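Trainee:
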Amino acid sequence: MDLSSEYYWLKSIVVWAIFLMAFITYAILLNLCFFLKMDKAWYEKSSFWYGPLKDMLSSLPLLGLLGTITGLLDTFFRMSVEKSFAIQEIISGGIAEALFTTELGLVTVIPGLLMLNYLQRKKTKWEIKLANEIVN
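Numbering-wise, the sequence shown is residues 0 to 135 according to numbering that gives the first Met the number 0.
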């Protein structure tokens with residue numbers, strides 16, 4: 000197997016879009032969950048970013064699905080253009096290429112959802128702590 004066939008997935012713009020969206024999302028999530036001190040500024044930042052983070056995470060599997068569709072369309076196009084007997088190679092390679100983006104979208108969203116739930120629990124704890132301080 001040559002180098003170009005090992006890294007075929009790097010040619011897909013959808014793969015790069017998934018990587019970019021995941022990088023931005025995880026940078027924000029890691030910062031909010033683990034690096035910033037829990038204070039009023041943290042609470043305001045996490046409240047501000049909670050909705051956009053949900054949207055960004057939701058886009059990852061959808062981008063994976065988009066990659067699957069574009070990969071399958073590319074496979075069908077190659078099948079119509081190539082008039083050879085290597086149709087099985089075209090189909091199996093195209094399907095593998097297409098399904099990779101779906102897998103990548105799902106693999107990148109699952110840990111993010113867990114981190115988002117962790118962030119929500121931290122926000123709730125902070126709200127309870129603040130309410131107790133106000134009452135006392």
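We put the CB at the ideal spot given by N, CA and C, even for glycine.
Computed from a predicted model, the values in this text were never measured in an experiment.
Please tell me whether Gly66 and Val14 are closer than 9 Å, where the distance is taken between their beta carbons.
Mentor: One-based indexing of the sequence shown puts residue 66 at position 67. One-based indexing of the sequence shown puts residue 14 at position 15. Yes, Cβ-Cβ distance for Gly66 and Val14 is below 9 Å.
Trainee: CA-CA distance, Cys32 and Tyr117?
Mentor: Working through the sequence shown from its first residue, we reach residue 32 at position 33. Working through the sequence shown from its first residue, we reach residue 117 at position 118. In a straight line, the C-alpha of Cys32 is about 7 Å away from that of Tyr117.
Trainee: Give, in chain order, every unbroken run of the alpha helix (DSSP H) that is at least 4 residues long and sits entirely within the region 52-119.
Mentor: none
Trainee: Using 8 Å for Cβ pairs, my map puts Leu59 next to Gly104. What's the rounded Cβ distance?
Mentor: Along the sequence shown, read from residue 1 onward, the residue named residue 59 stands at position 60. Along the sequence shown, read from residue 1 onward, the residue named residue 104 stands at position 105. Correct: roughly 5 Å between the Cβ atoms.
Trainee: Enumerated in chain order, which unbroken segments of the beta strand (DSSP E) with a length of 3 residues or greater are wholly contained in the region 10-60?
Mentor: none
Trainee: My output table needs one value for Val135: the three-state DSSP class, helix, strand or coil.
Mentor: Counting from 1 along the sequence shown, the entry for residue 135 is found at position 136. With the sequence shown as reference, residue 135 is identified as Asn, and Val is not the correct amino acid for it. Coil at Asn135, not helix or strand.
Trainee: Can you grab the Cα-Cα spacing for the pair Leu62 / Glu102, in whole Å?
Mentor: On the sequence shown, position 63 is the one that residue 62 refers to. On the sequence shown, position 103 is the one that residue 102 refers to. Their Cα atoms are separated by approximately 11 Å.
Trainee: For Phe75, count neighbouring C-beta atoms within 10 Å of its own C-beta (all shown protein chains included) and say buried if the count is 16 or more, exposed if not.
Mentor: In the sequence shown, residue 75 corresponds to position 76, counting from 1. Looking at its Cβ environment, which holds fewer than 16 other Cβ atoms inside 10 Å, Phe75 is exposed.
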